[in-house]
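Residue numbers (my numbering), protein chains in the order written: chain A, 36 to 218; chain B, -7 to 441.
Heads up, the beta-carbon is just placed ideally off N, CA and C, and yes, glycines get one too.
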Ligand SMILES: Cc1cc2nc3c(=O)[nH]c(=O)nc-3n(C[C@H](O)[C@H](O)[C@H](O)COP(=O)(O)O)c2cc1C
Ligand code: FES
């Protein structure tokens, strides 16, 4: 889902496809009063397409909206959802908050880390600062706050999909069902 | 599947969840219209805007987003003919821990929300509305956007709606993983493309200086969904379902240590906490007993399952009498929980049983608030982090005798000293856990330095 990262080190802004521009223009049309309102959706569009946001992305979006790069940069650094480094191919988000914790989400998180080969201490150190990537490049994992599904705790998201009442022993089958393999 | 049980409990009355729990119900326009959808919009467009606002007032609808402000009164702050553009912003950030109701509306019955948005916009003189959806609901953003397109194609949105001359555009706006954006002025800043630091009130009440500094109403997803039902049932009938001052049904989301967690829709005040937790949620797990209950989302003050609530009630001859009741006999409505020093808030009830350590429970919440503080106000930015560090250290065996006192003083120095109510949200857990479970904090805070 997060293809097209310029792993070769090129500027993301040098490889924008035509339909990306069309989508960006469509987004702009949703904000007839102020173009600046399109900042968040354009950052989403960028991250969904490229996997993360590099400096050229920040500059491109700012220019598109007649803003300064700092106006976009301060959003990229504020919001937990945005990242400036490439994640693994599949992103796992385990809910950390109370109802899920009561239902064992810490064990679930640890089981995920162990299965995908990410060191728990390293993962913890990343909290809020990019995402750790598994050695095969296939996974990233994050402990996130309440996903608004506390009644079916513990829950996690694998890419865009929510999984409810997940037990640690479900992890291997869940990963093979809902993630795409490494290239 | 979801947290809404297919068969309703006999005490439930499903209005908001009425359609989406029907077998085979789909989130498309055809299905919604087959269930009577958009009839109330037709009716509304034949009414005057002020008649709709009066109906919402008479219905005693309170906001379902957390603060519980009376919706009709909020709406009447908007001056019909001030010549300014008005905006409606629907709060679908649903990020208060323990709350999981808007999720089902957004994913499974988007047209109910859109009909509510259209009626509300007509009443408020709004021509441009946004539905702010947290980005952790990526499917919901697509579903709601598709429903908006369908409604527009069918003439329920867009220009000249149903030939009445009323026009309205509605767009979805996705958040980016920050709890603070649920706070209404932060949400507005977020929608304006700025760093979402909340605005200070006064002067920045959304009804005065809202989106683009123009009069704006921010309402929760569930609140807006109640609007068509108020017109359908009539405000008196609707109000009668609830208690005086808290009309209609309420969704209550129960999670944690109960047998049957779930999202339930009940007439406001129809059950006591005991009925909710035992009859509807099946009581504690086998061999366990209830210890602590957070009744209205993680920010609400915790209750001890065995505490007595002292309060004043009006006697038969009108004089005020002292009364003492079991906490479990509290009625689940806004006034009764406020009388017990806590709040019904967003309706998220989180239950802990006797196997749980209260320092650990509080620490989990402290970590949440430390992570989510936006950093604008010093007491909150520094204090929420400090509290989380302290409770973590206590759990790790480093508890010092003075810790409970110090924790309380940090919390006391955040509450009331910040731009927005996040300051209270972050300090109420610490204040109330320390007050209700002092023995557990004392037991862990034993070192003398
Ligand atoms: C820290 C904080 C977080 C909030 N989060 C939400 C939320 O996720 N959803 C919501 O509807 N309201 C939330 N609110 C309440 C909103 O500020 C606002 O009162 C509400 O959206 C108004 O809608 P209502 O009157 O329909 O309840 C939050 C408030 C605070 C202080
Ligand atoms: S606590 Fe995990 S979904 Fe709410």
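Going by beta carbons, residue 210 of chain B and residue 83 of chain B fall inside the 8 Å limit. Inclusion of residue 377 of chain B and residue 352 of chain B in the CB contact set at 8 Å is not warranted, their separation being larger than that value. Counting every other CB atom within 10 Å of its CB across the protein chains shown gives residue 124 of chain A a total of 16 or more, marking it as buried. Around the beta carbon of residue 313 of chain B, fewer than 16 other beta carbons sit within 10 angstroms, so the residue counts as exposed. Each of A:151, A:128, A:153 was checked against the Cα of residue 199 of chain A, and the nearest Cα belongs to A:128. Note that the C-beta distance between residue 90 of chain B and residue 234 of chain B is not below 8 Å. In this structure, the CA atom of residue 211 of chain A is about 11 Å from the CA atom of residue 151 of chain A. For residue 116 of chain B against residue 78 of chain B, the beta-carbon gap comes to about 6 Å, under 8 Å, which counts as contact.
Between residue 32 of chain B and residue 243 of chain B, the alpha-carbon positions lie close to 22 Å from each other.
The DSSP-derived three-state label of residue 196 of chain A is strand. Under the 8 Å criterion on CB atoms, residue 80 of chain A is classed as non-interfacial with respect to chain B. Taking 4 residues as the shortest admissible run, the region 273 to 334 of chain B contains the following complete alpha helix (DSSP H) segments, listed from N- to C-terminal end: 326 to 331. Taking 7 Å as the cut-off, the C-beta of residue 76 of chain A does not count as close to any heavy atom of ligand 2. For residue 290 of chain B, the nearest beta carbon of chain A is closer than 8 Å to its own beta carbon. Per DSSP, residue 165 of chain B is not a residue of any alpha helix (DSSP H); the beta strand (DSSP E) it occupies stretches across 161 to 166. Judged by their CB atoms, residue 121 of chain A and residue 107 of chain A are not nearer to each other than the 8 Å cut-off. Distances from the alpha-carbon of residue 412 of chain B to those of B:118, B:134, B:334, B:173 put B:173 closest.
The residues 142, 143, 146, in chain order, have a CB closer than 6 Å to that of residue 203 of chain A in the same chain once the five nearest residues on each side in sequence are set aside.
Residue 344 of chain B: member of the beta strand (DSSP E) spanning 340 to 345, first to last residue.
In this structure, the CA atom of residue 91 of chain A is about 51 Å from the CA atom of residue 42 of chain B. When C-beta atoms of the region 213 to 221 of chain B are compared with those of the region 54 to 63 of chain B, three or more pairs fall below 8 Å, so the two segments count as touching. Under the criterion of beta carbons closer than 8 Å, residue 176 of chain B and residue 198 of chain B qualify as touching, at roughly 6 Å. Beta-bridge annotation (DSSP): residue 47 of chain B is not paired with any residue.
In terms of side-chain proximity, the C-beta atom of residue 215 of chain B is found nearer than 7 Å to a non-hydrogen atom of ligand 1. Checking the DSSP bridge columns, you'll see residue 241 of chain B partnered with B:259. The Cβ atoms of residue 52 of chain B and residue 237 of chain B sit closer than 8 Å to each other. Taking 7 Å as the cut-off, the C-beta of residue 61 of chain B counts as close to a heavy atom of ligand 1. Between residue 262 of chain B and residue 323 of chain B, the alpha-carbon positions lie close to 7 Å from each other. By the C-beta criterion, the region 250 to 258 of chain B is judged not to be in contact with the region 66 to 74 of chain B, since fewer than 3 inter-stretch pairs fall below 8 Å.
In the displayed model, residue 122 of chain B falls within a strand according to three-state DSSP.
In the DSSP assignment, the residues bridged to residue 83 of chain B are B:124, B:212.
A distance of 8 Å or more separates the beta carbons of residue 225 of chain B and residue 146 of chain B.
Look at residue 131 of chain B: its C-beta is under 8 Å from a C-beta on chain A. Following the DSSP letters along the chain, one finds residue 114 of chain B inside the alpha helix (DSSP H) bounded by residues 102 to 116. Considering only beta carbons, the part of the region 109 to 139 of chain A lying closer than 7 Å to chain B consists of 109, 110, 113, 114, 115, 116, 117, 132, 133, 134, 136, 137, in chain order.
From the beta-carbon of residue 182 of chain B, the residues of chain A found nearer than 8 Å are 75.
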